[in-house]
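Input: a single structure, listed below in structure tokens.
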Amino acid sequence: MMQSAVDVRMRLCFNPCVEINVYIGLGSNLGDRELNLLRAVAELGKLPESRVSGLSPFYETSPVGVTDQPAFINAVLRLSTRLTSHALLLHLQHIERTVFHRKRTIHWGPRTMDLDLLLFGDEVVTDDELTIPHPRMAERRFVLEPLCKLAPELLHPVLGRTMAELLAVLPLMEHVVQI
Ligand code: ADP
Ligand code: MG
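FYI, in the numbering used here the residues of the sequence shown are -6 to 172.
Below, the structure is given as structure tokens:
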């Protein structure tokens, strides 16, 4: 079977030597939200050069930013991978588009699946496609609550604080409930 150029590019973009622990934020507020998250976990488990090495509990969370939309289900997944950060971002966007038929319409609007690259080892990236650590993760309870279930002692490579320390200083603004 012919492989598309993007298939080949995504396959070749990995480092054969080092496995890195990556944290991915999952969110859905359209359709069967829990089933969508389970489907995303299964899809992430099929990525090349990667294995799912941790999954947080699921949380129901009130929308942030655009608040006039249904509540989200959020979770954080740890992927141990040899892919590069940019190759992994392409894979996440490919899953959003092809498995969940996500259309990029309203920024921060309702979506069947949002996959955000939160942390990629202690890599710091700032370019046109990618910012790592995810720029808004430290102010989002719906990220830090599930992340702290997996890695409370993990250090934020820019802020120099652990995930538990970042969570402890967050104001209690959003509704984030473990389900
Ligand atoms: P949001 O998640 O903020 O609602 P999108 O999912 O539509 O927005 O992503 C918008 C853009 O953010 C994507 O085109 C992607 O290139 C960029 N982006 C930059 N850094 C990241 C990251 N760490 N994780 C995911 N997307 C990122
Ligand atoms: Mg996103």
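Glycine residues also receive a C-beta, built at the ideal position from the N, C-alpha and C atoms.
Let me make sure I understand the geometry here. Which of the options has the alpha-carbon closest to that of residue i?
i: P126; options: P150, G24 and I66; result: P150
i: E167; options: A64, I88 and P103; result: A64
i: L37; options: H87, L159 and M130; result: H87
i: T91; options: P164, V45 and D107; result: D107
i: Y16; options: R104, P139 and V118; result: P139
i: T155; options: T105, Q62, D115 and L28; result: D115
i: L72; options: N14, K142, L148 and A144; result: N14
i: R95; options: A33, V162 and L163; result: A33
i: L112; options: P164, R44, G24 and L148; result: L148
Short of 7 Å in beta carbon distance, which residues of its chain neighbour residue i, apart from the five on each side in sequence? Order them along the chain.
i: L31; result: none
i: T54; result: A64, F65, N67, F135, E167, H168 and V169
i: E42; result: F7, T74, R75 and L76
i: I172; result: F51, Y52 and E53
For residue i, count the other beta carbons within 10 Å of its own beta carbon; 16 or more makes it buried, fewer makes it exposed. Which is it?
i: A80; result: buried
i: M(-6); result: Confidence at M(-6) is low in this model, with a pLDDT of 48, below 50, so the placement of that residue is unreliable and no value is reported for it.
i: L19; result: buried
i: E132; result: exposed
i: L28; result: exposed
i: R26; result: buried
i: P35; result: Inspection of the sequence shows that residue 35 is occupied by Ala rather than by Pro. With fewer than 16 other Cβ atoms within 10 Å, it is exposed.
Considering only their Cβ atoms, is the gap separating residue j from residue i smaller than 8 Å?
i: L85; j: L123; result: no
i: L82; j: L48; result: no
i: L143; j: L152; result: no
i: T105; j: S21; result: yes
i: V59; j: G102; result: yes
i: V117; j: S78; result: no
i: A157; j: E146; result: yes
i: L137; j: L165; result: no
Near residue i, what residues of its chain come up, given a Cβ to Cβ distance below 8 Å and the 5 sequence neighbours on each side ignored?
i: V11; result: R75
i: K39; result: none
Skipping 5 residues on each side, what residues in its chain have a beta carbon closer than 6 Å to that of residue i?
i: R44; result: S73
**Q.** Closer than 6 Å to the ligand NAD: residues, by C-beta to nearest heavy atom, in chain order
**A.** Within the structure as shown, the ligand NAD is missing, the only ligands being the ligand ADP and the ligand MG.
Q: For the segment 5 to 55, list the beta strand (DSSP E) runs that are entirely contained and at least 3 residues long, ordered along the chain.
A: 13 to 21, 43 to 48 and 52 to 54
(Q) Which runs of the beta strand (DSSP E) at least 3 residues long sit entirely within the segment 93 to 132? Give them in chain order. (A) 107 to 113
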